[in-house]
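Residue numbers (numbering that gives the first Met the number 0), protein chains in the order written: chain A, 0 to 327; chain B, 0 to 327; chain C, 0 to 327; chain D, 0 to 327.
What follows is a short report on a single structure.
There are 4 protein chains.
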Amino acid sequence: MIRFGVLGAGRIGKVHAATIAGLSNSSVAYVADAMPEAAQALAGSVGAKVASVDEVIASDVDAILICTPTDTHADLIEKSVQSGKHVLCEKPVSLSVERIERALPIVEKSGKAVMIGFNRRFDPNFGALKKRLHDKEIGEVELVTIISRDPAPPPVSYIERSGGLFRDMMIHDFDLARFLVGEEFVSVHALGAALVDPAIGTAGDVDTAAVQMQTASGKIAVITNSRRATYGYDQRIEVHGSGGMLRANNVHMTTVERADASGFTGDVIKNFFIDRYVAAYAAEVTAFVNAVEGGTKPTPSIHDGLAAQKLAEAATESRRTGQAVRVF
Amino acid sequence: MIRFGVLGAGRIGKVHAATIAGLSNSSVAYVADAMPEAAQALAGSVGAKVASVDEVIASDVDAILICTPTDTHADLIEKSVQSGKHVLCEKPVSLSVERIERALPIVEKSGKAVMIGFNRRFDPNFGALKKRLHDKEIGEVELVTIISRDPAPPPVSYIERSGGLFRDMMIHDFDLARFLVGEEFVSVHALGAALVDPAIGTAGDVDTAAVQMQTASGKIAVITNSRRATYGYDQRIEVHGSGGMLRANNVHMTTVERADASGFTGDVIKNFFIDRYVAAYAAEVTAFVNAVEGGTKPTPSIHDGLAAQKLAEAATESRRTGQAVRVF
Amino acid sequence: MIRFGVLGAGRIGKVHAATIAGLSNSSVAYVADAMPEAAQALAGSVGAKVASVDEVIASDVDAILICTPTDTHADLIEKSVQSGKHVLCEKPVSLSVERIERALPIVEKSGKAVMIGFNRRFDPNFGALKKRLHDKEIGEVELVTIISRDPAPPPVSYIERSGGLFRDMMIHDFDLARFLVGEEFVSVHALGAALVDPAIGTAGDVDTAAVQMQTASGKIAVITNSRRATYGYDQRIEVHGSGGMLRANNVHMTTVERADASGFTGDVIKNFFIDRYVAAYAAEVTAFVNAVEGGTKPTPSIHDGLAAQKLAEAATESRRTGQAVRVF
Amino acid sequence: MIRFGVLGAGRIGKVHAATIAGLSNSSVAYVADAMPEAAQALAGSVGAKVASVDEVIASDVDAILICTPTDTHADLIEKSVQSGKHVLCEKPVSLSVERIERALPIVEKSGKAVMIGFNRRFDPNFGALKKRLHDKEIGEVELVTIISRDPAPPPVSYIERSGGLFRDMMIHDFDLARFLVGEEFVSVHALGAALVDPAIGTAGDVDTAAVQMQTASGKIAVITNSRRATYGYDQRIEVHGSGGMLRANNVHMTTVERADASGFTGDVIKNFFIDRYVAAYAAEVTAFVNAVEGGTKPTPSIHDGLAAQKLAEAATESRRTGQAVRVF
């Protein structure tokens, strides 16, 4: 039985806490949040106690779930592992590559499991695709295409603190590209523009972007992002290999289709990220719990978090300079 | 808070009991089963007590969930409503139309809610299709096509006690056809053969069947069934109307597709009925709980159970005689 | 080089004549039509001469293409074969089973090739499906589902002379069902109603219909027809067998798809029968020419034409009486 | 009636000549080819005479169709327009941007119509997509994704003379990207590798490539190419805009689909370029003939040919240097 302290009782904290409480081999012991009512509500629903962040970290729990704002992640990871706790931390570890690099030796010295919440690796569709790649169903991977479009942009106030599209949104796709290809990308070239909302451009960011990357062996990944898709939350992967192509298509609201004079119309796709990835979030937490219980190191690790962040930083720089950036 | 007594701790009893226990406005108070260990295991998992069937019906619960063998349903419905309990009973009410007709006045006199577990009405896909029919999205319904194929036939020993394919399997489709068309069918013609397994024919039943039915106003429904589909649990509906066509396609295991020299291959469809209809089962129980709490009568009612059984009986007779049978 | 005399310069006569003229091993020598301008126009476009029907039949051509009104088909077949000509005749041979039965011995005595224009057998999609059935790709055929819906009903004046939906429209599907199953159907049950246009009902016909048929070995075919589909010319086949399912889906106008807040919308399907079956018409004529040149008997033969007509007649009777009809 | 002289009686010359001969307002008068038998065979099939290239250009024809090897295109265009003939020339105009720039003033001074055979603009699917973009069905274009994969690489001997993948294969996609976006791309970044066949790398070329480009207003196009796809000739376009997404999917061999324990398998896609683009080739020639007859200037023009070549040259350089290249 893995007992958790949950830091952060917001939207994603609640999703994860419910999964932990529902598993037969885990439970939530404490919840901390800057807003006492939020902490109390979540604690009540999972049978936990409310405590401060420091109390939770110092408690006798086995693991800390970090769902607080991004700028606290690295500090909390360090404190948690130094206090002998395993950690499941929401992505990203930090907007700063340098900050992650400082945390790394502390994590390694602790010997504790630190897993980063790149939930998409745990999506049943993407996971099945990855497994089939691993089984060489289409031979060697040559070209990965990732399309990711949000239903609607977040408020500009959010964007201003986000670190920019490459660190905030495309970070998921950088992780997925590494996950699917299984090699490090050594060159990154990025394009971007504020086509959806000029205010995003004024804030110094982009809302439409494309990145192409290549590994040392020549494998290519192409990622495109948009902050707005009128038809839902567009999440697709396509991998072209020596033996064929594997792709994961979108998840539609229902399987209902209408035919009339306007054509054949299928349903829109799921448009809320928690709804789209509900199974992924549950599988992610389950994987962490099982790894900790089994004494193995869960992935994606903090090294994966660092690698994705390096790609995001390279893309950010490439977009600024117009030139390709070498990494690793 | 609606408190339930659960009769029958088998596969479907466990699914429903978990839903009841998970809702905020319902709970399981008692579980009864002929096998004490099964009752104990289920009671333990939902925080209920074990009792005998008679004790449960006589208890202070608000509602009885009947998940026992079919031949006990009608008796248990009668006893439950006479004891002042609402009832959610698994389909079918009885293999005998006459037996249901005897239960009907007892149910009506009691004034209690009696809902029959035709789960497919609650499938999110079929439910969305029904709502869009109701909204006249394709005008007037003219022709309904229902395709239902099981992954594999049950044991012949099961088939021998099942009442035959029309009563055991197609009963769901009879209910769906009534649900979608919104009128009673007055003529039924059935064909059938034992093409999958000769032993099913030897047992007096068929494993492949087709039924076509017509309402007084001329609307037509065509249902085909097979006891075996190599590609999963095939569950499709198509409604053709004056303004177009609405259909609910199958639910695939994942959205992953492979392309290679053999073509473009999507995943098989879900092949276990509880997995395929997991959302439907939950929605069904939720609808019952909310109806009882709100003091309204839930559907499908015992009248719907009777109507579907009449169609099944007519189809059975039609298959035997080769001629169309008039009902209602 | 097979030289043709073409009887009938209407819509389908023009399509076939252009195919004949375009093949390397066939040509059109004569064209006859009750309307001299129509005959002249077609003859001019394919390098043929105009002549009367009797002159064409008496000429030195190898084969007669019969594209005249249905009620002339049987007479013209008889005269053509008696004059030593091979015949490709548009479907149906006759609206009367009895009339076809009278023509049969004359055709057989002549030893000439007589092929009936059931064009759908030659559709590349349906043809590929049939070949794969023949190769036992899904094992033994158990259940065939044919859906056929016209874009819009013909004028009531046409319907009054058509012999009714079963002889005029479903005749294609009766032929396809025999083609796909490879056995004769021995029982036929039909339902029908005038749901699209009451005037069709007043004219004694139906516009929406369902037929289910069974072979002596138990195989089942289900056919549904509508005279109106708002989304195009709906032409689908699905065959369920012991090893799986094979289906031929519709042919869409383009492969373009739009996604927006209303969903994912593919194009309508082809809605003009000549456009939908352009490749089938060409393949049909080519098959006839090659068979005649090679000295083999082309199919579908006049026997196939007779068999389909028997099923249409049985369905017409079944719809009238409400009872199943035995054939063969 | 537009009379043509055809230069080059190879594969594509034959396709175009048959179209010209089949149109009501065009004909082939002369055919020239270095191989006399090829010229004779084609001339015979379309009712034309054989002549030398110079004789054809000097003849009284209205238009010259240039289907000779690429390195002759620019010379033949110049000679043809100087001889007062309109020109339809196969792509590319030249592998050298500089050579096209030299031909440009000669073409412009002549006032003759010069159209370049970028056939994909005339594909019914891509053409319909373009029209719907033009009609603002999805608002403003933001992001174009073009996927193009050949079934199998050409011989290395061909690749050595081809100018490289960007000039030989991706040239089509550069033209399509300009066609779809309607603005010039000002920056180009290319990646490439020889992943399919090391011999292609040894020959100095790549077989797998990705290019991303941006217009001055920020619009982005992403193109990926592979010289090998095991499942056919993969040709897809996807345009994301402010109001939604439009995409043109692949063209499959048939609409037949099989379901069995391995999943739901649709047919492979068309895998021979002439077969895939048969309608496009015909529409292209028809557009040229109609423009010449109507006295308008057909597109894509030689300016379009030049623009695509500039992008190909920029991509070639970018792949070599690893850096983005500015164009226009």
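All C-beta atoms, glycine included, are put in the ideal place defined by N, C-alpha and C.
Q: Would you verify that the beta carbon of Phe-263 of chain A is, or is not, closer than 7 Å to some beta carbon of chain C?
A: Phe-263 of chain A belongs to the set of residues whose beta carbon lies under 7 Å from a beta carbon in chain C.
Q) What does Asp-259 of chain A touch in chain B if you count any residue whose Cβ is under 8 Å from its own? A) In chain order: Ile-137, Gly-242, Gly-243 and Met-244.
* To do: Examine the Cβ distances between the region 256-266 of chain D and the region 219-239 of chain B and report whether three or more of them are shorter than 8 Å.
  => By the Cβ test, the region 256-266 of chain D is in contact with the region 219-239 of chain B, since at least three Cβ pairs between them sit closer than 8 Å.
Contact set between the region 157-185 of chain D and chain C, restricted to residues whose Cβ is under 9 Å from the partner:
Shown here is that no member of the region 157-185 of chain D has a Cβ falling below 9 Å from a Cβ of chain C.
| Helix, strand or coil at Ser-225 of chain A according to DSSP, with G and I counted as helix | It is a strand residue.
Exercise. Along chain B, which residues have their Cβ under 9 Å away from the Cβ of Asp-266 of chain D?
Worked result: Proximity of chain B to Asp-266 of chain D at the Cβ level (cut-off 9 Å) is accounted for by Gly-262 and Phe-263, in chain order.
What residues of chain C sit near Thr-229 of chain A, judged by a beta carbon separation below 7 Å?
Residues of chain C passing the Cβ test: Asp-259 and Ala-260.
Residue range of the unbroken alpha helix (DSSP H) whose run includes Gly-126 of chain B: Going by DSSP, Gly-126 of chain B is part of the alpha helix (DSSP H) stretching over 123-133.
In or out: Arg-275 of chain C buried (at least 16 other Cβ within 10 Å) or exposed? Arg-275 of chain C is classed as buried because its beta carbon has at least 16 other beta carbons within 10 Å across all chains shown.
* Reference Gly-243 of chain D; option with closest CA among D:Arg-131, D:Gly-217, D:Leu-175 and D:Thr-315 -> Comparing alpha-carbon positions, the option among D:Arg-131, D:Gly-217, D:Leu-175 and D:Thr-315 lying closest to Gly-243 of chain D turns out to be D:Arg-131.
### Task
Mark Asp-122 of chain C as exposed unless 16 or more other C-beta atoms lie within 10 angstroms of its C-beta, in which case mark it buried.
Counting Cβ neighbours within 10 Å, Asp-122 of chain C comes out buried, since at least 16 surround it.
Q.
Rounded to the nearest angstrom, what separates Ser-156 of chain C and Ile-11 of chain C at their Cα positions?
A. Straight-line measurement puts the Cα of Ile-11 of chain C at about 20 Å from the Cα of Ser-156 of chain C.
(request) Assuming Thr-207 of chain A contacts Ser-225 of chain A (C-beta within less than 8 Å), just tell me the rounded distance between them. (result) Under the criterion of beta carbons closer than 8 Å, Thr-207 of chain A and Ser-225 of chain A qualify as touching, at roughly 5 Å.
(message) Using 7 Å as the threshold, is the C-beta distance between Ile-63 of chain A and Val-27 of chain A below it?
(response) No, the Cβ-Cβ distance between Ile-63 of chain A and Val-27 of chain A is not below 7 Å.
_8 Å Cβ shell around Leu-175 of chain C - same chain, five flanking residues per side excluded_ = Its chain contains Phe-117, Arg-119, Arg-120, Phe-125, Ile-145 and Ile-236 as the residues whose beta carbon lies nearer than 8 Å to that of Leu-175 of chain C, once the 5 sequence neighbours on both sides are disregarded; these appear in chain order.
message: List, from N- to C-terminal side, the alpha helix (DSSP H) runs of 4 residues or more that fit wholly inside the region 35-65 of chain C.
response: Segments of the alpha helix (DSSP H) lying fully in the region 35-65 of chain C: 35-45 and 52-57.
> If we ignore side chains and look at the alpha-carbon of each, how far apart do Ile-1 of chain A and Ser-25 of chain B end up?
Replying inline: Their Cα atoms are separated by approximately 29 Å.
| Which residues DSSP lists as bridging Thr-144 of chain C, in chain order | DSSP lists C:Val-221 and C:Glu-237 as partners of Thr-144 of chain C.
message = Counting C-beta neighbours from all protein chains within 10 Å, is the total for Phe-271 of chain D 16 or more, i.e. buried, or is it exposed?
response = Counting Cβ neighbours within 10 Å, Phe-271 of chain D comes out exposed, since fewer than 16 surround it.
### Query
Do you know whose CA, among D:His-72, D:His-239, D:Glu-159 and D:Ala-20, lies nearest Ile-301 of chain D's CA?
Comparing Cα-Cα distances from Ile-301 of chain D to each of D:His-72, D:His-239, D:Glu-159 and D:Ala-20, the minimum goes to D:His-72.
Inter-residue spacing [alpha-carbon to alpha-carbon] between Gly-43 of chain C and Ala-37 of chain C | Cα to Cα, the separation comes out at about 10 Å.
- In chain order, what residues of the same chain lie with their CB nearer than 6 Å to the CB of Val-324 of chain C, ignoring the 5 residues before and after it? Setting aside the 5 residues that flank it on each side, Val-324 of chain C is surrounded in the same chain by Val-187, Ala-313, Glu-316 and Ser-317, each with a C-beta closer than 6 Å to its C-beta; the list follows chain order.
Discussion item. Need the endpoints of the beta strand (DSSP E) that Thr-18 of chain C sits in, please.
Written reply: Thr-18 of chain C -> not in any beta strand (DSSP E); alpha helix (DSSP H) instead, spanning 10-21.
task = Note down the Cα distance separating Met-252 of chain A from Thr-285 of chain B, rounded to an integer number of angstroms.
result = Going from the Cα of Met-252 of chain A to the Cα of Thr-285 of chain B covers about 20 Å.
Spatial neighbours of Ile-199 of chain C in its chain, beta-carbon cut-off 8 Å, leaving aside the 5 residues before and after: Beyond the five residues adjoining it in sequence on each side, Ile-199 of chain C comes within less than 8 Å, by CB distance, of Pro-152, Val-155, Ile-158, Ala-193, Val-205, Asp-206 and Arg-226 in the same chain, given in chain order.
- Task: Give me whichever residues DSSP pairs with Asp-259 of chain C in a beta bridge.
- Result: DSSP output for Asp-259 of chain C lists C:Gly-262 as bridge partner(s).
Item to check | Own chain residues within Cβ distance below 8 Å of Lys-48 of chain B, not counting five before or after | outcome: Within the same chain, Lys-48 of chain B has close Cβ partners Ala-28, Tyr-29, Val-30 and Ala-42.
Are the CB atoms of Glu-77 of chain A and Ala-57 of chain A within a distance shorter than 7 Å? Taking 7 Å as the cut-off, the Cβ atoms of Ala-57 of chain A and Glu-77 of chain A do not count as close.
- Message: Residues of chain D with CB closer than 8 Å to the CB of Val-5 of chain A, please, in chain order.
- Response: Here the premise fails: no neighbours, minimum Cβ distance about 38 Å.
For this session: Starting from Ser-25 of chain A, trace the beta strand (DSSP E) both ways and give me its first and last residue.
Result: Where Ser-25 of chain A is concerned, the enclosing beta strand (DSSP E) stretches over 25-31.
Leaving aside the five residues before and after Gly-414 of chain B along the sequence, list all residues of the same chain whose C-beta is less than 7 Å from its C-beta, in chain order. It is not possible to answer for residue 414 of chain B, since the shown part of chain B is limited to 0 through 327.
Answer with buried or exposed for Met-168 of chain C, where buried requires no fewer than 16 other C-beta atoms within 10 angstroms of its C-beta. Met-168 of chain C comes out buried.
Open item on the list: Taking the alpha-carbon of Ser-147 of chain B as reference, which of B:Leu-179, B:Gly-162, B:Thr-223 and B:Asp-134 has the nearest alpha-carbon?
Closed with: Of the listed residues, the one whose Cα sits closest to Ser-147 of chain B is B:Thr-223.
query = Could you give the residue range of the beta strand (DSSP E) that holds Gln-211 of chain D?
reply = Judged by DSSP secondary structure, Gln-211 of chain D falls within the beta strand (DSSP E) whose first and last residues are 207-214.
* Asked: Hey, how far is the Cα of Val-106 of chain C from the Cα of Ala-189 of chain C?
  -> Straight-line Cα distance between these residues: approximately 31 Å.
Quiz item: Pro-123 of chain D CB to nearest chain C CB: under 7 Å?
Solution: Pro-123 of chain D has a beta carbon lying within less than 7 Å of a beta carbon in chain C.
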